[in-house]
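Only one structure is covered here, and it is reproduced in the block below.
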Amino acid sequence: MIQPPYQAALESAKAGLAVAQADLNSTRNKAERYRKLAAQLVVSKQDTEDTTAAWKLAEAQIQVAKAAIQSANINLGYTRITAPISGVISRSSVTEGALVSAQQTTALATIRQLSPVYVDIKRNALTAMKSSQQTAPEVLLTLEDGTAYPETGVLKSSESSVDEGTGMLNARALFENKDGLLLPGMFVRASLATETVRNALLVPQQGIQRTPNGGTSALVVNTENKVESREVVVTEAIADQWLVRSGLVAGDRVIYSGLQKVKVGDTVQPLEDGKPVDDGSKATGSGESDDDDAGNPASGQKQE
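The sequence shown begins at 999 in my numbering and counts up by one.
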């Protein structure tokens, strides 16, 4: 074992401090006596100066002894390897009795911190630049089996350079991971709000059609239960829905299923949750016509 020699060196340094303190008391008392005798011209001035110098030397020896104790403590500390973080340690890469050195490239073991943990994610560069969030957005995780992770994390940092191959930014989110569900190397899917859109309208993607001129349109059931075409402007897909910027208002009944069965001008019987809707009312949720389904735009939040 390497610890006993260093422990003995520490004890020796402490003993040296005790000796220096005892010597200090003796030399201080002697110097004070000689100072009084010198005032009475009983002892020579040289003897008085010698005792005063011995007193100052004893004080310096106290500092030397304290420094020796500090050095011995440092050397003793090197005999124990302590981790700067807490976490879960891997299996040891060396066996007991193996020769190791401070310059070796192979780690004795690897400690992984589990609380908190960092989750590395990739963000679309353009979406990140257009984000209107002034504070760090919250991050939600979906585990590999599709279940939602119960904790909410915070985006801590994003790199300033874009990956030329993917056009993505590397970012890092922080999670407390109090229950230890997140483990190093685990695959998760992250989502975070990049912009809050007030009174946003979301329409099922099936209800939006491309026009010959490159625009987008939707078939809507009007108040007379007739099908009409409405030009709309959509910006981006959120899950299985389109975010609509213009062309629709809350309460419009959008046909999103069986589009090949109806055409503009047809009269249909709107259904909501399988039940007929009164002619003068507006649908408040997903609905159906006698030949197809009609959906209602809903409020939503843009997520990345």
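From the three backbone atoms N, C-alpha and C, an ideal C-beta is built for every residue, glycine too.
Nothing here was measured: the structure is a model prediction, and the numbers come from that model.
Does DSSP put residue 1174 in a helix, a strand or coil?
coil
With DSSP as the reference, please indicate the residues paired to residue 1232 in a beta bridge.
DSSP, once it has assigned bridges, lists 1242 as partnering residue 1232.
To the nearest angstrom, how far is it from the Cα of residue 1025 to the Cα of residue 1040?
In a straight line, the C-alpha of residue 1025 is about 19 Å away from that of residue 1040.
Give the secondary structure of residue 1121 by DSSP, where H, G and I count as helix, E and B as strand, and everything else as coil.
strand
Mapping DSSP to helix, strand and coil, what is residue 1026?
Three-state result, residue 1026: helix.
Would residue 1268 and residue 1190 be called neighbours here (beta carbons separated by less than 8 Å)?
no
Any idea if residue 1079 is buried or exposed, counting beta-carbon neighbours within 10 angstroms, 16 or more meaning buried?
exposed
Three-state secondary structure (DSSP) at residue 1181?
coil
Ignore the nearest five residues each way along the sequence and tell me which others in residue 1017's own chain have a CB closer than 6 Å to its CB.
none
In whole angstroms, what is the alpha-carbon distance linking residue 1187 and residue 1143?
10 Å
Starting from the Cα of residue 1073, find the closest Cα among 1184, 1175 and 1005 and give me that residue.
1005
Between the region 1231 to 1249 and the region 1198 to 1205, are three or more C-beta pairs nearer than 8 Å?
Contact annotation: the region 1231 to 1249 touches the region 1198 to 1205, with at least three C-beta pairs closer than 8 Å.
Since residue 1136 is in the beta strand (DSSP E), which residue starts that stretch and which ends it?
1136 to 1140
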